[in-house]
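Counted from 1, the sequence shown has number 38 at position 38 by my numbering; the numbering is strictly sequential. For every residue, glycine included, the Cβ atom is placed at its ideal position computed from N, Cα and C. All values derive from a computational prediction rather than experimental measurement.
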Amino acid sequence: MLIQFILSLILLLALWLTWRRVKQGAIRRVEAIVWSLVWIGGAIVIWHPEVATTIAQLVGV
Numbered sequence: 001m002l003i004q005f006i007l008s009l010i011l012l013l014a015l016w017l018t019w020r021r022v023k024q025g026a027i028r029r030v031e032a033i034v035w036s037l038v039w040i041g042g043a044i045v046i047w048h049p050e051v052a053t054t055i056a057q058l059v060g061v
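What follows is the structure, given as C-alpha cells:
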C-alpha cells in the first residue's frame, strides 16, 4: 500500500506540472487535458488494478 501512496503523489505532481506548463504557455489546453487523462488513468489503475485486467481482456491481451 505504501507504493500506491508514493505513486499517487508522483501522479499528482505530474498533474500539477502539466497545468503549470499550460499557464506558462508551453503546452496547449487540449494537450494538458490529454495528459491529465493519462495521469488520472494511471491513478485508477494504481488503486484498482482489476481495471487493467478488464481492459486487457477487452483488447485481447
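**Q.** Secondary structure of ALA56, DSSP reduced to three states
**A.** helix
Q: Note down the Cα distance separating GLN1 from VAL51, rounded to an integer number of angstroms.
A: The question names Gln, but residue 1 is Met in the sequence shown. In a straight line, the C-alpha of MET1 is about 17 Å away from that of VAL51.
Q. By the 10 Å Cβ neighbour count, where 16 or more other Cβ atoms means buried, how is THR53 classified, buried or exposed?
A. exposed
Q.
Alpha carbons only, please: which of ILE44, ALA56, ILE55, GLY60 is nearest the one belonging to GLN4?
A. ILE44
Q: May I have the straight-line CA-CA distance separating LEU17 from ALA32, to the nearest angstrom?
A: 10 Å
Q.
Between the alpha carbons of GLN57 and PRO49, how many angstroms are there, rounded?
A. 13 Å
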